[in-house]
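For the protein sequence lines, the chains are A, B and C, in the order given. Numbering (the numbering used here) for the first sequence: 5 to 237. Numbering (the numbering used here) for the second sequence: 203 to 530. Numbering (the numbering used here) for the third sequence: 43 to 354. Glycine included, C-beta positions come from ideal geometry on N, C-alpha and C.
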Amino acid sequence: MRDLRKAFGGVRAVDGCSFAVPCGKISGLIGPNGSGKTTTFDLLTGLTAPDAGQVLHRGENIAGRKPYEIFRRGITRTFQVTRIFREMTVLENMLCATGLRVPDRVARERAEALIAFVKLGSLRGEYGGRLSYGQQKLLEFARALMTDPDLILLDEPAAGVNRTLLQQLLEHIHHLQERGKTILIVEHDMNVIMNHCERIFVLDHGVKIAEGPPRDIRGDERVIDAYFGRRRR
Amino acid sequence: MERSDVRSLYRLAAFLAGAYALPFAIGGWYGAVHLNERWLGYLATVVISGVLQGGVYAMFAVGLTLIFGVMRIINAAHGEMVMMGAYLTWVCFFRLGLDPLLALVLTLPVAFLFGVALQKVVLHAVVGQPELTGLLVTFGLGLVIVYVTELVFTTDFRTIPYAPGTVHITRTIAVGQNKVISFLIAVAISAGVYLFLKLSRLGKAIRATALNAEVAMVCGIPVRRVYLVTTGLAAALAVAGGALVSIQFGFNPETGTVYTLQAFTIIILGGRGHYVGALIGGVMLAVLEGLVSLLIPNGTAMVELAAYTLMIFVLLIRPGGLMGVKEA
Amino acid sequence: MTRSEHLRNLLALGALGLVLALLPPALNVYLRSFALFTMMYVVLALSWNIISGFTGYTSFGHVIFYGIGAYACAILVADHGWHWLPTLLVAAGVAAAVGVALGYPVLRLKGPYFAIAMLGAAEGMRVVATVWDGLTHGGLGISLPSVENSIPTYYAMLGLMLITVLVAYAVGHSRFGIRLNAIREDEVAAEALGINATAYKLAAFALSAVFPAVAGGIQAYKVLYIDPPSVFFVQITIAMALMSMLGGKGTVIGPIVGAVLLYTAQELTWVNFPTAHLIAYGLFIVIVARFMPRGLVGFAIDRGWVRKGMVH
């Protein structure tokens, strides 16, 4: 993305932010609360339109496009607070994501495969609203993979999730990366970011203040300043 | 305000200007416009009547916006409650010999209690539900009110002769005395309610609950009581509206439906939950109705259409209305 | 649901259709009428359910399409001498067009605002029909040439009902229906999953407009007289909504059950309590909406008697 800007009534959520996400690698987006991380995600996936700036995907500017167009280009995301469909079953949740051109059988097979991938097989007929929080996160994660996207944006995948589940998730994420997918994670959990991301971007007050591999970020003065006073997890 | 917010406000203002100009254009084309003093006097009368009328409309529209704002329930029976107010006043006047305005002392508390009872028995279960439930429940209630009234009073039109004189503002501009009196009382009541909402503890509690009921509960606001008072207040306002309308126009059990839609139009135009907006909306609608009925041939049927068209276009251009935020 | 389950349902529908088809000669005129109107309400409730139950956009003015259909047919038959059957197709076409034209701006509105806008649209259309007397004969209404037609209209309505049930079933058990549900659950998340909400909503809305219009047309031909207040009657929308809610909004069988039960109850009360029945109807609406917003089928699902879900 290049020079992205978005203001909400005077609050400059994202103010001239630019960075490039490397292909085929796991990257992290971090920053203190209110630094504009989720807004950036919203801008990337079309939930909000930027006031200025560009989002370049394969050379094309996709800024301001509708979310479903962006989805069809192979970019999917999960949400900070899960947005699964509560009154629909797990299987139905999965099937939502495939376009009508895809034949039923193919969609079903893919859904079943992904449900197995996240080990939710026994719950396929259960309503989304009945799942535990961790299971919902897995469901949302699996759902985002239904169309075999190339770029996956994960918004705080570790939030509110126990250790074991987190391990599972991270395994899945690495598995995806090995298959050539690009993944961008927003996280507050530093262990996750430092140990699993190859490149990290740091935001503060809507501006990118640092960028680089984990060891560079770890010692970066500006990053520490930005987080100063904030309780580390 | 955000840029798109401001833009939609301009668009709304432009639409309203057009809406007001249209009757003149149509009237001019059909030859209904005459640029002489007498006709201009009529025009001024119509506009002033509209303003006076609008004050009354606004008052009972505030009742609707209270219920919608605080409980997110669309009260499809609001017009029927207005109609109830007209009949109650009629009973007070013809059976008890009370001056219709004095009768308010009797009818308003009765209406308030009715509203409280309604909330306790029926509406409290509807509060969190999707809009359909509230619509159906209140619609059913409206039906019951209409048909019970029909049983008791038959479908005959009734009127209350009161203050039949006219007030002459100038040689050519004259409005009915009853209109002026209604307006003054409506303003007094509206001002009273507005002050109550702004200054009293309970009033502030009501406004807080309208903004966010969950947070209000957490802050220790007695949300249950707020709902009871809100519905009671709304019912009282509707009945007051009915009383004031009864001394100006004839009414029968079926006249309620028009008031409901007018009230909707007003709160949408003014903005959900904005009380000053309701006043502006009321006046704007009433004046537009007056213009339409004066300038457009077949005016009386068109008056209804004016309200619907206004409502739909406001919803399409700026659902938040004049005073609300763009999306409401 | 497996193929065999679908087949079983289809056969059941076919059997029902056959029974209903063989019925007319055995019934007197009143009962034939009653059956016709029951089927009509099944059509109306199912159609309403497509936009309001599945997609979650509560249309409080859906009678607008019914009225448009009635007028389209009546005008063509009475003023232009058409045979009534082709007018039904015209009614469907007009309704679809109006559905898209009206839906495009109006479906942008959220919940309660959409409901009120539709109500305004329906009432506005009623006034337009009253005022545009060049086309619609205004308040005088349109009288159709008098014909004994209770049997042909019965079969027409039966056919319409079967088609509507099939379409509702198809929507309810397909990925199209699942995506509509997604829009209802969380439109933003649905868009983020590749669902073009605007297109889907419009499709659902247009689909839900077509069948009431044809029903209106058949009804106009049966009753032989229409006027604005009777075909743009807000209580028809209420009936559609109430029947769907009573049976279970968002399911396929719910509106069918609701329509049959409610219409039958209405007829029985009307016959037995002519003055009080409207009050009873009002009270009934209040009670159902207050105590059973999820409807009978919803009740059954909560108890686990019936499985909700389109795809297992």
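**Message:** Taking 8 Å as the cut-off, does the region 254 to 262 of chain B touch the region 399 to 413 of chain B (at least 3 CB pairs, one atom from each stretch)?
**Reply:** no
**Message:** Taking 8 Å as the cut-off, does the region 72 to 80 of chain A touch the region 234 to 254 of chain C (at least 3 CB pairs, one atom from each stretch)?
**Reply:** yes
**Request:** For my contact list, A279 (chain B) and I347 (chain B) are in at a C-beta cut-off of 8 Å; report their separation, rounded to the angstrom.
**Result:** 6 Å
**Message:** Checking 7 Å against the spacing of the C-beta atoms, do G132 (chain A) and M92 (chain A) come in under that value?
**Reply:** yes
**Item:** Unbroken beta strand (DSSP E) run spanning L33 (chain A), endpoints
**Value:** I30 to I34
**Message:** Looking at the secondary structure, which residues open and close the alpha helix (DSSP H) in which F398 (chain B) lies?
**Reply:** Segment Q379 to L401, the alpha helix (DSSP H) holding F398 (chain B).
**Asked** Using a beta-carbon distance below 7 Å, is M513 (chain B) in contact with chain C?
**Response** So yes, M513 (chain B) belongs to the interface.
**Message:** For C421 (chain B), count the other beta carbons within 10 Å of its own beta carbon; 16 or more makes it buried, fewer makes it exposed. Which is it?
**Reply:** With fewer than 16 other beta carbons inside 10 angstroms of its own, C421 (chain B) counts as exposed.
**Asked** Can you round the beta-carbon distance between V330 (chain C) and M282 (chain C) to whole angstroms, since I take them to be within the 8 Å contact cut?
**Response** V330 (chain C) to M282 (chain C), Cβ: 14 Å. No contact.
**Prompt:** Could you give the residue range of the alpha helix (DSSP H) that holds T247 (chain B)?
**Reply:** E239 to M273
**Helix, strand or coil at F605 (chain B) [DSSP, three-state]** = Within the shown structure, residues of chain B are numbered from 203 to 530, placing residue 605 (chain B) beyond reach of any answer.
**Request:** Could you please tell me which residues of the region 97 to 120 of chain A, in chain order, have their CB closer than 9 Å to any CB of chain C?
**Result:** In summary, the residues of the region 97 to 120 of chain A whose CB is separated from some CB of chain C by less than 9 Å are N97, L99, C100, A101, T102, G103, L104, V106, D108, A111 and R112, in the order they occur in the chain.
**Message:** Closer than 8 Å is the cut-off here; do at least three beta carbon pairs connect the region 442 to 455 of chain B with the region 300 to 309 of chain B?
**Reply:** yes
**Contact set between R87 (chain A) and chain C, taken where Cβ atoms lie within less than 7 Å** = In chain order: D228 and A231.
**Prompt:** Between the region 96 to 114 of chain A and the region 218 to 228 of chain C, do three or more beta carbon pairs fall short of 8 Å?
**Reply:** The region 96 to 114 of chain A, when compared against the region 218 to 228 of chain C, does touch it at the 8 Å Cβ threshold.
**Asked** Closest Cβ-Cβ distance between Y137 (chain A) and chain C: below 7 Å?
**Response** At a cut-off of 7 Å between C-beta atoms, Y137 (chain A) does not count as an interface residue with respect to chain C.
**Message:** Could you tell me the alpha carbon to alpha carbon distance between G59 (chain C) and A301 (chain C), rounded to whole angstroms?
**Reply:** One C-alpha to the other measures close to 17 Å.
**Message:** Quick check on DSSP: helix, strand or coil for C421 (chain B)?
**Reply:** coil
**Asked** What is the DSSP secondary structure of V353 (chain C), reduced to helix, strand or coil?
**Response** Unreliable placement is indicated for V353 (chain C), whose pLDDT of 41 sits below 50; the coordinate value is still reported in the next sentence. Of the three classes helix, strand and coil, the one that applies to V353 (chain C) here is coil, per DSSP.
**Request:** Give every residue of the same chain whose Cβ lies closer than 7 Å to the Cβ of S251 (chain B), excluding the five residues on either side of it in the sequence, and list them in chain order.
**Result:** V377, K381 and G492
**Prompt:** Is the Cβ of P66 (chain C) closer than 7 Å to any Cβ of chain B?
**Reply:** no
**Message:** For S185 (chain C), list the residues DSSP reports as bridge partners.
**Reply:** C:Y267
**Message:** Suppose contacts are defined by Cβ-Cβ distances below 7 Å. Is R109 (chain A) in contact with I119 (chain A) by that definition?
**Reply:** Not in contact: R109 (chain A) and I119 (chain A) (Cβ atoms no closer than 7 Å).
**Item:** Alpha-carbon spacing of E175 (chain A) relative to R183 (chain A), whole angstroms
**Value:** 13 Å
**Message:** Only counting the same chain, and skipping five residues up and downstream in sequence, which positions put a Cβ closer than 8 Å to that of I295 (chain C)?
**Reply:** G289 and V339
**Prompt:** When the distance is taken between beta carbons, is G256 (chain B) closer than 7 Å to V485 (chain B)?
**Reply:** yes
**Request:** May I ask you to list the residues that DSSP assigns as paired with G241 (chain A)?
**Result:** A query on residue 241 (chain A) cannot be resolved here, the shown segment of chain A reaching from 5 to 237 and no further.
**D229 (chain A), DSSP secondary structure in three states** = If DSSP states are grouped into helix, strand and coil, D229 (chain A) belongs with the helices.
**Message:** Using a Cβ-Cβ distance cut-off of 7 Å, determine whether F314 (chain B) contacts chain C.
**Reply:** For F314 (chain B), the closest Cβ of chain C is not nearer than 7 Å.
**Prompt:** Exposed or buried, Y267 (chain C), counting other C-beta atoms within 10 Å across all chains shown (16 or more means buried)?
**Reply:** exposed
**Message:** Let me check understanding here. Comparing Cα to Cα, which of A:A17, A:R105 and A:P26 lies closest to R203 (chain A)?
**Reply:** A:P26
**Request:** Indicate whether G324 (chain C) and G342 (chain B) have their beta-carbon atoms separated by less than 7 Å.
**Result:** yes
**Asked** Taking the alpha-carbon positions, what's the Q277 (chain C) to A164 (chain C) distance?
**Response** Rounded to the nearest angstrom, the two C-alpha atoms are 11 Å apart.
**Message:** Is N91 (chain C) close to chain A? Criterion is C-beta to C-beta, closer than 7 Å.
**Reply:** no
**Request:** Mind the definition here: the region 423 to 431 of chain B touches the region 285 to 294 of chain B only if three or more C-beta pairs lie below 8 Å; say whether that holds.
**Result:** no
**Request:** Check the Cβ-Cβ distances between R62 (chain A) and every residue of chain C, and say whether any is below 7 Å.
**Result:** no
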